[in-house]
Amino acid sequence: MNRGGAWAGVVGQPEVVAVLSAAAEAAASIVAGGTPAPGAMTHAWLFTGPPGSGRSVAARAFAAALQCTTTDDRPGCGTCAGCHTALAGTHSDVRVVAPEGLSISVGDMRALVQVSARRPTTGRWQVVIIADADRLTEGAANALLKAVEEPPARTVFLLCAPSSHPDDVSVTIRSRCRVVSLGTPRPAAIASALEDEGVAPDVASWAASVCGGNVGRARRLATEGTARERRESVLRIPLALKRPADVFTCADQLVSAAEGDALTATEGRDVAEREALETAMGAGGTGKGTAAATRGAKGALKDLEKRQKSRATRTQRDSLDQALVDLAAFYRDVLVTATGAEATLNHPDRAGDVRTAASSWTPESTLRRLEAVLGCRTALERNVKPRIAVEAMLTHLQRG
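So that you can map any letter, position 356 of the sequence shown is 355 in numbering that gives the first Met the number 0, and since no number is skipped, the others follow by simple counting.
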C-alpha cells in the first residue's frame, strides 16, 4: 500500500514508493545539514516502466516530497505548500519538460539547463522533470549530459522513459542515473484507486480489467463516454473485415477518429496561442512601430504553426497507436483461446467475439494478423503516412 499524501497517486508501486520515500528523507537530511548514508540520495534519476505505469506521476510525487516543508520524519505529506504546489504544477522550483511535438529540441534543453543551474528560490531543491526522455534529440541529450555530469549542489534531474534500453535513452546519461523501475499495476490496485476517486465499483472493476495496466487509460474509460465508444469501434474491426471493401471503410474510421482526437485536443489551444502571440507582437495596435512589429511577427507565427503541426501529428499518432494496442491485444486473446492457454484475457468483455474468431481462424492466420498490427506500429514510428500504413495492415487482417 502507498503511504498516502503526495504518494497517493502512485498506483500499485509500493516498492518504488519505499525507495523514493527513503531518498526524500535523505534529501531532507542534506538540507538540514546532515550527512545521510552514501547513495541514499542522488542528483539524477531515471524512471522506467511500461506505458501507463505512472512514471511521470511517481516523478512528480518525488518532486513534491523533495519540496515538502513538513516537520514529520517522512517527507511527502501532500498538504503543505511545497507538496501542494509541486503536485499542482505551480511550484517555482519544479519544472516539467514534455515534448509537445515528436521530440525535445536542443534549444529547449539548453534553456532548461541554464535555469537548473540556479539555486532554489523558494523551495529546498531545484527539480527538473523530463517526461518522455526517450524523445530527446541527439543535441538535446548532449546538452543534458553536461548538466548531469556536473550538477549544481541542489539540483535534481528526474527523467522518465518507457524503458532503459540504450536505443531509448543514451547509455551515457543512463549510466549517471539511478534507475527506478515501475511495473504494470495490478487490476485490483487500479480499481481501488478509481473507487477512491469516486468511480462506481462495477465501473472501476471493468475499466481496470480492460485497460492493460494503464492507469490513465482506465481513468478515461471509467469517466469518458467517448473513450468507451472509441474502444468499442476499434474492437469491432476484426470481425467486420469480411470483404476487401471493408478495408477502406475501417481505415477511414481509424484514421478519421485519430484526426478527430488530435483536432479536439489541440484546436482551442492553437487559437489561443496564435492570438496571444499576435497581441504580443502588436496586432491591433496603432502606435509608432506597430507596422514593423507586425511584419516581424510573420517569422514567429511561422515557427508557432510548425510547433502546432508537430504537436497535432504526435497527438494523432498517439491516438492511433492506442487503437493498434487494442487490436494487438484482441488477436493475442484469440491465440490464448485457440490454444487453451490459462491466461487472463486483455479484453474479457469481448470474450464472445474472441471465441468466434478462435473457431474461425487458424492459430497461424491469427499470428499473421497480430504481426501485421505490430508491423503497422513500426511503420508509423518510421513516419509512414498513417492512411497508407493502416490500409496495408487492414488488408493483411482481412486476408489473414
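Even for Gly, the Cβ is constructed at its ideal location relative to N, Cα and C. This structure is a prediction, so every number in the text was calculated from the model and none was measured.
My output table needs one value for residue i: the three-state DSSP class, helix, strand or coil.
i	result
Ala17	helix
Trp44	strand
Val93	strand
Ser180	strand
Leu158	strand
Leu240	coil
Leu86	helix
Leu135	strand
Val335	helix
Gln125	strand
Thr365	helix
Gln397	helix
Output the distance between the C-alpha atoms of residue i and residue j, rounded to the nearest integer angstrom.
i	j	result
Gln125	Ala239	54 Å
Val353	Val333	5 Å
Thr183	Asn213	8 Å
Ser255	Ala31	56 Å
Ala43	Arg313	27 Å
His83	Val95	15 Å
Ser318	Glu258	8 Å
Ser115	Pro151	8 Å
Cys79	Arg123	13 Å
Ala388	Arg242	19 Å
Val155	Arg185	30 Å
Ala217	Val233	16 Å
Met0	Ala27	Note that Met0 scores 41 on pLDDT, short of 50, meaning its location in the model is unreliable; the coordinates nonetheless yield the value given after this. Roughly 23 Å separates the two Cα atoms.
Ile29	Pro35	7 Å
Trp6	Gly77	8 Å
Pro200	Ala190	7 Å
State buried or exposed for residue i, treating a residue as buried only when at least 16 other CB atoms are found within 10 Å of its CB.
i	result
Gln12	buried
Gly106	exposed
Gly75	buried
Ser162	exposed
Thr121	exposed
Thr118	Checking the displayed sequence, the identity of residue 118 turns out to be Arg instead of Thr. So Arg118 counts as exposed.
Arg331	buried
Pro37	exposed
Thr68	exposed
Asp195	exposed
Gln113	exposed
Asp260	buried
Ala322	buried
Ser52	buried
Val168	buried
Quick check: does the Cβ of residue i come within less than 7 Å of any heavy atom belonging to the ligand FAD?
i	result
Ser174	The ligand FAD is not among the ligands present in this structure, which contains no ligands whatsoever.
Would the segment 174-183 count as touching the segment 33-50 if we require 3 or more Cβ pairs under 8 Å? yes
Using 8 Å as the cut-off, can you tell me whether the segment 382-395 makes contact with the segment 241-252, which would need three or more C-beta pairs spanning the two stretches below that distance? yes
Enumerated in chain order, which unbroken segments of the alpha helix (DSSP H) with a length of 4 residues or greater are wholly contained in the segment 200-238? Runs found: 200-209, 214-222 and 224-234.
Touching by the beta-carbon criterion (3+ pairs, under 8 Å), the segment 322-329 and the segment 230-239: yes
Using 8 Å as the Cβ pair cut-off and three pairs as the minimum, do the segment 46-63 and the segment 128-135 touch? yes
Assess contact between the segment 343-357 and the segment 374-384, defined as three or more Cβ pairs (one per stretch) separated by less than 8 Å. Is contact present? Contact between the segment 343-357 and the segment 374-384 is absent, because fewer than three Cβ pairs lie under 8 Å.
Tell me, please, whether the segment 360-370 touches the segment 202-221 by the rule of three or more beta-carbon pairs shorter than 8 Å. no
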